[in-house]
Amino acid sequence: MIDMEKRLEKIKEDKESFWAKYRRPFGLSMEKMEENKWLLIVLGLSVVFLLTFLLIPGGIFSAPRLAAGDVAQRDIKAPVDLIVKDEATIRRKQQAAEERVFSVYDLDSNAISQIEAKIASAFEEMRAAVKGYKNGEITAEAFQSQEKAFIEKMGIPVSSATLKTLLSVNYNKDIQEKIVKILSTVMGRGIIADRYLLEADKEKGIITRTINENREGHVKNLSEILDVKEANKQMLSLTASFFPSTNRAVQNAAAEICTKMLGPNLVFNKNETEARKKEAVINIKPLFYKIKKGDTILRNGQRVAEEHIAILGEISKYQGRGYILQVFLGIAFLASIIIYTFYRDIMRYKRYLPFDLSKFLLISILIVGNVAITKLSYFLFGSFAERYEFIDNTDFIFAIPVVIGPMLAAILFDIHIAIVFSFINSLLIGMAIKEEPLIILFSFIGGIVAAFSVIQCKKRSALQRAGLFVGLINILMIIAINLYNARVFTIKGPLDIAFGLSGGFIASTMVSGLLSLLESSFKITTNFKLLELLDLNQPILRQLFVVAPGTYHHSMVVSTLTESAAEAIKVNPLLARVAAYYHDIGKITKPEYFIENQMTGANRHDNLAPSMSS
Numbered sequence: 001m002i003d004m005e006k007r008l009e010k011i012k013e014d015k016e017s018f019w020a021k022y023r024r025p026f027g028l029s030m031e032k033m034e035e036n037k038w039l040l041i042v043l044g045l046s047v048v049f050l051l052t053f054l055l056i057p058g059g060i061f062s063a064p065r066l067a068a069g070d071v072a073q074r075d076i077k078a079p080v081d082l083i084v085k086d087e088a089t090i091r092r093k094q095q096a097a098e099e100r101v102f103s104v105y106d107l108d109s110n111a112i113s114q115i116e117a118k119i120a121s122a123f124e125e126m127r128a129a130v131k132g133y134k135n136g137e138i139t140a141e142a143f144q145s146q147e148k149a150f151i152e153k154m155g156i157p158v159s160s161a162t163l164k165t166l167l168s169v170n171y172n173k174d175i176q177e178k179i180v181k182i183l184s185t186v187m188g189r190g191i192i193a194d195r196y197l198l199e200a201d202k203e204k205g206i207i208t209r210t211i212n213e214n215r216e217g218h219v220k221n222l223s224e225i226l227d228v229k230e231a232n233k234q235m236l237s238l239t240a241s242f243f244p245s246t247n248r249a250v251q252n253a254a255a256e257i258c259t260k261m262l263g264p265n266l267v268f269n270k271n272e273t274e275a276r277k278k279e280a281v282i283n284i285k286p287l288f289y290k291i292k293k294g295d296t297i298l299r300n301g302q303r304v305a306e307e308h309i310a311i312l313g314e315i316s317k318y319q320g321r322g323y324i325l326q327v328f329l330g331i332a333f334l335a336s337i338i339i340y341t342f343y344r345d346i347m348r349y350k351r352y353l354p355f356d357l358s359k360f361l362l363i364s365i366l367i368v369g370n371v372a373i374t375k376l377s378y379f380l381f382g383s384f385a386e387r388y389e390f391i392d393n394t395d396f397i398f399a400i401p402v403v404i405g406p407m408l409a410a411i412l413f414d415i416h417i418a419i420v421f422s423f424i425n426s427l428l429i430g431m432a433i434k435e436e437p438l439i440i441l442f443s444f445i446g447g448i449v450a451a452f453s454v455i456q457c458k459k460r461s462a463l464q465r466a467g468l469f470v471g472l473i474n475i476l477m478i479i480a481i482n483l484y485n486a487r488v489f490t491i492k493g494p495l496d497i498a499f500g501l502s503g504g505f506i507a508s509t510m511v512s513g514l515l516s517l518l519e520s521s522f523k524i525t526t527n528f529k530l531l532e533l534l535d536l537n538q539p540i541l542r543q544l545f546v547v548a549p550g551t552y553h554h555s556m557v558v559s560t561l562t563e564s565a566a567e568a569i570k571v572n573p574l575l576a577r578v579a580a581y582y583h584d585i586g587k588i589t590k591p592e593y594f595i596e597n598q599m600t601g602a603n604r605h606d607n608l609a610p611s612m613s614s
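Residues 1 to 614, numbered by our numbering, are exactly what the sequence shown covers, in order.
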């Protein structure tokens, strides 16, 4: 029982000593640590929000309202996979279906029989009237009235010459039958008012539909159909053949009656034709095509065509369905997982960092800044690539300086944080750049190489050599990726290599510019800063040399010893040497009180009380 109490007491002491261990360097109380925890949560949420905003695909916040003929003011890409109704193709198919529909003409089959009955009745009555008139049974006035009735029954104006000729032959039944036969022959082919009406259908023909008989036929050769002028010519020809030229008066009388009774019996049926066209259009099934997420719909400066309108309409529909909220939440969730994974790694291997908010803020800036630089570079390089048709999005992405963050993490922190940073950075880059799936591997390998390239750099000029090395590794990665994509021996291969090499130099140049700013802003001493402090021309060292030469010499000797010791135990020799240079810098204020600076042999401590001397 006593042993158990001792063990519990020891655990409590160990716990308190653990927190004390991490509070002491930063002077943190438990209340302060609790405050830091909430500040870390706020910082983490801010990082997640900024990453979400940066990683949201462009163009999903508002579908541009464009009409056909407008010019796009920016690149427009599909934010999601789209199923688009192919309106243009449907219209073409509908138009083709309409054009395949034959025009419908109604053929009046009753017209000939009606004319035959009319002529037969009129001639029969006139034959009886002529017989009565010649027998004296009908007066001249009554006969004239009968002739008027004949004209009315025929339904056409008849000249007095024709009436006289018909009277002279007693309205002969043979003449009557020949007239009917001529009209039947000509009208049987179909007569249209004007051949111009058939002009649009001369290639495919028409449909003739016989009224009241529910039958129709296709007339391909439209020359078989006569217009009124052609019908008159044929009728005159038939009249000449049916009536001998010796009796010209009868021939002329028959020609007059045929000409005046002849009329169009083939009429265009607009309603039926339109109905058939509408049915053909309805029978065309809708067509759809798929647009992959990230496909370019319109480029900056491109004129909007009809087919683009349907795609832009689909984008608007998705935006109306809460798509933006879904994307925002999805990216935020993924970013939260990635950032929390990084945080757990830091808590496991770098427990002191959460208590130093400035360091955590710096890591956050590196994460968000690297993604921001990537997105900005993507936009700038994309604008450049639009000027050249042979450059596409999968080429210039290799020039984007995705390794800036890992390089800075290695210099400002250590290799462990740089490696983990490279991992999470590659995931974020993969979310930002979707044109090349292997960009995640390209970014991760490049980040690891960049971190190891700068970890031992002792001069700022060495950053350019690191950039060259990163560029060479980029080339190897690009060759591997192009082999995988089977395009290494195309024009894309050398182009990608050039972009990859430039990506290393761009990254090292930007790191060189950002490093000094971050060093001074967050008061971080890097190897580059240590090298600057080793410069013996530093004002404080020159003052030490003049005021306290003994201390100066002592510091130089100690620096040599500590540097050798640091190299032996595998710690930073630069830091050890700098510490030795400046460890006695406080002796500048009263150098004569220290033995190494007492050149005359007099020791001022001899005249001081022990309390003052110490």
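Note that beta-carbon positions come from the ideal geometry of N, C-alpha and C, so glycine has one too.
Residue closest to residue i, alpha-carbon to alpha-carbon, out of the options
i	options	result
A97	R344, M407, N283, L325	N283
A385	L514, N265, S521, D75	D75
Y378	F469, A399, G369, H554	A399
E592	V546, V557, K570	V546
S113	P539, G382, S358, N265	N265
G190	P244, L107, L163, N252	L107
F413	I455, F423, D395, I391	I455
Q326	I56, G471, L45, E152	I56
K229	I207, E116, A480, K260	K260
K164	M126, I506, A480	M126
D615	F268, F423, T273	Outside the shown range of the chain, which is 1 to 614, sits residue 615, and nothing can be said about it.
R209	N252, L226, V104, V158	V104
I473	R65, A451, T490	A451
E124	S46, A275, N170, N214	N170
Buried/exposed call for residue i, threshold 16 Cβ in 10 Å
i	result
K587	buried
A142	exposed
I569	exposed
Y340	exposed
A20	Here A20 scores only 48 on pLDDT, less than 50, and its place in the model should not be relied on; the value that follows carries that caveat. With fewer than 16 Cβ atoms within 10 Å of its Cβ, A20 is classed as exposed.
R303	exposed
K131	exposed
H218	exposed
Whole-angstrom distance between residue j and residue i, CA atom to CA atom
i	j	result
K85	Y289	7 Å
D81	L312	13 Å
L43	I419	22 Å
D599	H553	Note that residue 599 is Met in the sequence shown, not Asp. Each residue's alpha carbon lies about 14 Å from the other.
F528	T560	19 Å
F333	S426	17 Å
E519	I479	36 Å
I391	K285	39 Å
Q543	V558	18 Å
K220	D201	9 Å
Helix, strand or coil at residue i according to DSSP, with G and I counted as helix
i	result
Y171	coil
T562	helix
L66	coil
F594	coil
S103	strand
D496	helix
E435	coil
I119	helix
G217	strand
K181	helix
V71	strand
E137	coil
T296	strand
V130	helix
F288	strand
Distance CB(residue i)-CB(residue j) smaller than 9 Å
i	j	result
L534	L463	no
N300	A67	no
I439	L51	no
G405	L366	yes
F522	K359	yes
M235	V267	no
I524	Y582	no
M477	G504	no
A111	G205	no
A372	L54	yes
I179	A254	yes
D584	S555	yes
Beta carbon proximity, residue i to chain B, threshold 9 Å
i	result
F528	The chain labelled as chain B is not found in the depicted structure, where only one protein chain is given.
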